[in-house]
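Below is one structure, written out as structure tokens, with a few remarks after it.
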Amino acid sequence: MDIRRVFISAALMAFFVSFNSSAQAGSLSEPPGIADGPGIWMNIWSHPPVNETEEYCLNLNRHGVRNVFVQTSRSNTEAIRNPDRLGKLIETCHRYKIRVIAWSFSMLDNPEADAQKMVDAAQFRTPRGDKFDSIAANMEKDLSAWKVEKYSRYLRDKLGKDYPLVAVVFSPLNKAPQVARTPWKMLDQYYDVIAPMNYWNSKYADYKAYDYTRDTVKKVRELIGRPDAEIHVIGDGMKTHSKEIHDFMRACRDNGVTSASLYPFHQVTDEQYDCLARYTDYFPVNARFSLAAFKELRKQGEFVAVKDPSSSVSRNEFYSIISRKLTGAEISDSNALANFVRNFGLDPAYSAASGNDVIGHKEALDVIARAVDLKSRAKKIGTPIDPHNPGQLARRARTRADKWFVPSARAAVVSHNGTASHDRLNYLEAARIILSADSALR
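Numbering (this note's numbering), first residue to last: 931 to 1372.
Here is the structure:
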């Protein structure tokens, strides 16, 4: 075993832990509002009684639920329905580290009056001073652009530019006439998260949970017009069962969704809770950080041509970014890039011919470990990394014949049709890995 390689990998893992811990207080910490983890939706008539709240929240915690979307009003009700129950629910959820998001069904007959109810929810305080973590504006009856904008602008003006807002609208696949009028780009201007109601059960057509979810996510990104939009998918929990819920979560995973939830038929069933308990089989625990990293790298000029963040990253793309961060120079020629990668020992088996192949998780982490070690050695001897002259930084690494056949911990990913798929790094995961090591590569 290569002891030095093991040491580098261990050091890098320690660095990742340190970076991610410090990032919690920085610009790339988990965004406010929706938490990483599954969510459930609750209507006005489903608020648990005060004396049952503890047991209710304990059950949520037991099944890994991290977001509860609670209806606080409708257009024809007061702004805060059941304040005593809501106060107890918010405080108890927060004790279990569960975030609580207020939502309201807004008819938009009077956009500003409807918006004020949401503002009242955001300003609601429990006896102990707790508050909702975010609000979710549910717009599904009248999606006239001027009404949506008047409503949304009122929310943003009253709550401020940093308050986390979620827009809840029908999936663009829904055939209801008003859905075609949804002003997607306008929603993107006012809201931090777009949450399509992804209800595949229909009396008009036989939709499959996986296909409907996949197509919803792709269409929402297309209509918004940017790949780094945050999408929270609301799954169909209306009399749905285990297989389709797992298919729903698989589709979310395969298409780079950062979080998801279920809208139940009155109450979440035990079977559905058990499905949500398997949420981390499909979603990484730091999914929202990965999206934040992807956004940050795009700001830095990387991945600007990417249209689908769930698509696979090629070796050339990954190695090019690492080389730029190490040297500050652009190595655009594929042969020159291959020479740089080999000469500095980042990957002795790399060749220009394999540059268009996709990169896997293990390979990416190995390369990052070697890159961090290379930068550390360069700093220690006080020399810049010259892409054309390795000098003292040249490293001869042993080429292993089985290099490309060593499976990583995440290599055995199962696709939605039950067949094993190769370990592939997508843009969200690549961004997280690269940005986590960013300061060490400078």
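Don't be surprised by glycine CBs; every beta carbon is placed ideally from N, CA and C. Keep in mind the model is a prediction, meaning the values are calculated, not measured.
- Positions of the beta strand (DSSP E) runs, each at least 3 residues long and wholly inside the region 1026–1070, are given as 1029–1036 and 1064–1069 in order along the chain.
- Bounds of the beta strand (DSSP E) holding ASN997 are 997–1004.
- Under the DSSP assignment, VAL1123 falls in the beta strand (DSSP E) whose first and last residues are 1123–1128.
- For ALA1043 and LYS1149, the gap between their C-alpha atoms comes out near 31 Å.
- In this structure, LYS1091 sits away from ALA1045, with a CB-CB distance that is not shorter than 9 Å.
- Secondary structure at ILE1175: helix, using DSSP grouped into helix, strand and coil.
- In the three-state reduction of the DSSP assignment, MET1168 falls in the coil class.
- Annotation: ALA1139 is outside any beta strand (DSSP E); the continuous alpha helix (DSSP H) that includes it extends over 1139–1154.
- In the same chain as VAL1198, and ignoring 5 residues on each side of it, the C-beta atoms closer than 6 Å to its own belong to ILE970, in chain order.
- CA-to-CA, the gap between ASN1185 and LEU1019 works out to about 33 Å.
- Beta-bridge pairing by DSSP links LEU1095 to ILE1065.
- Residue environment analysis places SER1189 among the buried positions, since at least 16 neighbouring C-beta atoms fall within 10 angstroms of its C-beta.
- Looking at the backbone, the Cα of ASN989 and that of ALA1135 are separated by about 35 Å.
- Around the beta-carbon of GLN1001, 16 or more other beta-carbon atoms lie within 10 Å, marking it buried.
- Sixteen is the threshold: when 16 or more other Cβ atoms of the shown chains lie within 10 Å of the Cβ of GLN1202, as they do, the residue is buried.
- Here the region 1144–1161 makes contact with the region 1108–1120; the two share three or more CB pairs at distances below 8 Å.
- DSSP lists ASN1131 as the bridge partner or partners of ASP1136.
- Within the DSSP secondary-structure output, ALA1190 pairs in a beta bridge with VAL1163.
- Contact check for GLY1165 against ASN1128 passes: the beta carbons are separated by less than 9 Å.
- Taking ASN1273 as reference, the option from SER1306, GLU1260 and SER1253 with the minimal CA-CA separation is SER1253.
- Put simply, the region 1094–1101 touches the region 1057–1073. At least three CB pairs are less than 8 Å apart.
- Under the DSSP definition of a beta bridge, ILE970 partners with VAL998 and LEU1192.
- Setting aside the 5 residues that flank it on each side, THR983 is surrounded in the same chain by LYS1018, LEU1019 and THR1022, each with a C-beta closer than 7 Å to its C-beta; the list follows chain order.
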